[in-house]
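So the sequences go chain by chain: A and B. Residue 7 in numbering that gives the first Met the number 0 is what sits at position 8 of the first sequence, and the numbering runs on without skipping anything. Residue 3 in numbering that gives the first Met the number 0 is what sits at position 4 of the second sequence, and the numbering runs on without skipping anything.
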Amino acid sequence: MPRIRKLASGAQIIAPEAYPQMLSRPEAVRALLNLHSAETAAKAQVAMEAAIPPMRAAILRYVDEMEAAAHDLKKLFAITHEIRGFAETAGLITTGRIAEILCRYMDDMERAGKPLDTTIVTLHASAIARAARAEDDDVRTGEKVAAELAALVARRLAEAR
Amino acid sequence: MALAGFESLKALIVEDNTHMRSLLRALLNSAGIKDIGEAINGLAGLEILRERKIDLVLTDLAMAPMDGLELTRHVRNDEKSPNPFVPIIMITGHTERYRVEAARDAGVTEFLAKPVTAHNLFARITEILERPRAFVRCESYFGPDRRRQEIENYAGPRRRAEELPDARVG
Numbered sequence: 000m001p002r003i004r005k006l007a008s009g010a011q012i013i014a015p016e017a018y019p020q021m022l023s024r025p026e027a028v029r030a031l032l033n034l035h036s037a038e039t040a041a042k043a044q045v046a047m048e049a050a051i052p053p054m055r056a057a058i059l060r061y062v063d064e065m066e067a068a069a070h071d072l073k074k075l076f077a078i079t080h081e082i083r084g085f086a087e088t089a090g091l092i093t094t095g096r097i098a099e100i101l102c103r104y105m106d107d108m109e110r111a112g113k114p115l116d117t118t119i120v121t122l123h124a125s126a127i128a129r130a131a132r133a134e135d136d137d138v139r140t141g142e143k144v145a146a147e148l149a150a151l152v153a154r155r156l157a158e159a160r
Numbered sequence: 000m001a002l003a004g005f006e007s008l009k010a011l012i013v014e015d016n017t018h019m020r021s022l023l024r025a026l027l028n029s030a031g032i033k034d035i036g037e038a039i040n041g042l043a044g045l046e047i048l049r050e051r052k053i054d055l056v057l058t059d060l061a062m063a064p065m066d067g068l069e070l071t072r073h074v075r076n077d078e079k080s081p082n083p084f085v086p087i088i089m090i091t092g093h094t095e096r097y098r099v100e101a102a103r104d105a106g107v108t109e110f111l112a113k114p115v116t117a118h119n120l121f122a123r124i125t126e127i128l129e130r131p132r133a134f135v136r137c138e139s140y141f142g143p144d145r146r147r148q149e150i151e152n153y154a155g156p157r158r159r160a161e162e163l164p165d166a167r168v169g
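Right, here's the structure in full:
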């Protein structure tokens, strides 16, 4: 196989051997062994656990900001997106899922050029705040709430299309 | 024990959220990657890429004033790009199909949906190390080959999605 092939269309295919790689082959072999070692997994686990408390604290601050931005939908979307980004990493599964539903709803409606139903936004914002502030992440209740909100959003999106 | 293999690797994290930057740095550290630059948006990331040799980029999608897509396009297409072939992993909560396709078309190497886990991040790095992608240069695109697999004995001009049983969006 040539390192650089030219197709009939004029496109060039450049084989991996023809451009600089991230690591040399011997380094890559050692890196792969290391990446999949028990030692690395243990260190990564420690890193993930250490990240949780500051992330949870940050999410609570975002929730305060989200509530304060109730009438600024652009800002509310940006904050909700941040919450969606790392709530689940912080162990707040329900918070992350509801934030995900709200983000998708706002994104889909914007793309469809339709106005947002502020009741839907308020319901989600309220559910996100309650889930984030709950001491324990009550997954069963949270999943039920998330499923009901998702169904509501699906109906409204269907109506909007 | 010195076995990391990553001693010489220089990584760059482009992410506007301080908590995500810290987490990504900690995860890379745990794998033995120590030389890590950080930038809070695409513009700042591009400056670092012009100043230093970088071997791996992790970037968020939504940032201002320059997002991860624009950063990727600059890296791949700028005449003075220091390394247009550098692997770029896009890490984002924006997982809608049209955004994934936009990332692919900008030239990202791998796409990682939040929430970030060590397993998922290491899987993307493994993919880059084990199966480096060919690059394609044509009139409208320069970047990793967006097709994940070759079909043997296929000589026709077109490839259809239904002919690719295991095709993945790149």
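Cβ atoms here follow ideal geometry from the backbone N, Cα and C, with glycine treated the same way. Just so it is clear, the structure is predicted and the values come from calculations on it, not from any experiment.
Nearest-angstrom beta carbon gap, residue j and residue i [assumed within contact, 8 Å]
i	j	result
A:T88	A:A130	Incorrect: roughly 15 Å between the Cβ atoms, too far for contact.
A:L31	B:L128	6 Å
B:P55	B:L8	The sequence given here places Leu at residue 55 of chain B; Pro does not occur at that position. So it is a contact: roughly 6 Å between Cβ atoms.
B:F84	A:Y18	4 Å
A:T39	B:A30	5 Å
A:R83	A:A98	4 Å
A:I78	A:Y104	About 15 Å; that fails the 8 Å criterion.
B:N16	A:E66	Contact flag wrong, Cβ pair sits at about 20 Å.
Neighbouring residues, chain A, relative to residue i (Cβ below 9 Å)
i	result
B:K113	R83, G84, F85, E87, T88 and G95
B:E78	By Cβ distance, chain A contributes nothing, its closest Cβ being about 17 Å from B:E78, past 9 Å.
B:G197	Beyond the ends of chain B as shown, which are 0 and 169, falls residue 197 of chain B; an answer cannot be given.
B:E129	A27 and L31
B:G106	The contacting residues do not exist; B:G106 stays about 13 Å from chain A at best.
Under 7 Å by beta carbon: chain B residues contacting residue i
i	result
A:M54	H18
A:D106	E95
A:K42	S29
A:A57	H18
Per-residue contacts from residue i into chain B (C-beta, under 9 Å)
i	result
A:D63	Simply none; closest approach about 16 Å.
A:G9	C137 and E138
A:P19	D54, N82, F84 and V85
A:I12	A133, F134, V135, R136 and D144
A:A130	Within 9 Å Cβ-Cβ: nothing; A:A130 doesn't reach chain B, min ~15 Å.
A:A149	Those do not exist, as A:A149 stays about 15 Å from chain B at its closest Cβ, beyond 9 Å.
Which listed residue (the options) has its alpha carbon closest to that of residue i
i	options	result
A:I119	A:R154, A:H35 and A:K143	A:R154
A:L151	A:L122, A:A133 and A:R132	A:L122
A:A14	B:F134, B:E138, B:N40 and B:F84	B:F134
B:R75	B:E95, B:A101 and B:V107	B:V107
B:E126	A:H35, A:A49, A:I58 and A:A50	A:H35
A:A145	A:V28, A:A157 and A:A124	A:A124
B:H73	B:G44, B:V99, B:I88 and B:G92	B:G44
B:R96	B:G31, B:A112, B:I12 and B:N82	B:A112
B:R136	A:I12, A:P25 and A:D71	A:I12
B:R123	B:I47, B:A38, B:M89 and B:P64	B:M89
B:V99	B:G36, B:I32, B:A61 and B:S80	B:A61
B:F110	B:T71, B:E78 and B:D77	B:T71
B:D25	A:V28, A:I51 and A:A7	Reading the sequence as shown, one finds Ala at residue 25 of chain B and not Asp. The candidate whose alpha carbon is nearest that of B:A25 is A:I51.
B:V13	B:E78, B:E138 and B:D66	B:D66
B:A117	B:N16, B:N28 and B:F5	B:N28
A:C102	B:I35, B:G4, B:D15 and B:T94	B:T94
B:D34	B:R51, B:S139 and B:D104	B:R51
A:D48	B:P143, B:P131 and B:S21	Asp is not the amino acid found at residue 48 of chain A; the sequence shown has Glu there. Minimum Cα distance to A:E48 is reached at B:S21.
A:S23	B:E46, B:H18, B:G36 and B:E6	B:E6
B:R49	B:V115, B:S80 and B:L68	B:S80
A:D116	A:A46, A:L156 and A:E16	A:L156
A:A57	A:H70, A:A133 and A:A86	A:A86
A:R160	A:L148, A:A126, A:M108 and A:E26	A:M108
A:R132	A:A46, A:D63 and A:Q44	A:D63
A:P53	B:L120, B:R103, B:A101 and B:H18	B:H18
B:P131	B:P143, B:F121, B:S139 and B:E138	B:P143
A:E158	A:I127, A:K73 and A:A111	A:A111
Cross-chain neighbours of residue i in chain B, by beta carbon under 8 Å
i	result
A:A153	Neighbours of A:A153 on chain B: none; closest Cβ ~15 Å, over 8 Å.
A:A46	L22, A25, L26, N28, S29 and A117
A:H80	A61, G92 and H93
A:A49	A25
Amino acids of chain A, ordered along the chain, whose beta-carbon sits closer than 8 Å to that of residue i
i	result
B:S7	L22 and E26
B:R132	P15
B:L11	Residues of chain A passing the Cβ test: none, with the nearest at roughly 12 Å.
B:E50	Those do not exist, as B:E50 stays about 18 Å from chain A at its closest Cβ, beyond 8 Å.
Paired residues, beta bridge with residue i - DSSP
i	result
B:L57	B:I12 and B:I88
A:I13	A:I3 and B:F134
B:L111	B:I90
B:A38	B:V13
A:F85	Answer is none; A:F85 lacks a bridge partner.
B:F141	B:R136
Where residue i meets chain A, residues with beta-carbon distance less than 7 Å
i	result
B:F121	L34
B:G232	Given a span of 0 to 169 for chain B in the structure shown, any question on residue 232 of chain B remains unanswerable.
B:I124	L34
Next item on the list: Check each residue of the region 21-38 of chain A: if its Cβ is closer than 9 Å to any Cβ of chain B, include it; give the result in chain order.
Entry: M21, L22, S23, P25, E26, A27, V28, R29, A30, L31, L32, N33, L34, H35, S36 and E38
Item checked: chain A contacts from the region 52-71 of chain B (Cβ-Cβ distance under 8 Å) -> D54, L55 and A61
Notebook entry, point to check: Taking a cut of 8 Å between CB atoms, which residues from the region 18-38 of chain B lie near chain A?
Noted result: H18, M19, S21, L22, A25, L26, N28, S29, A30 and G31
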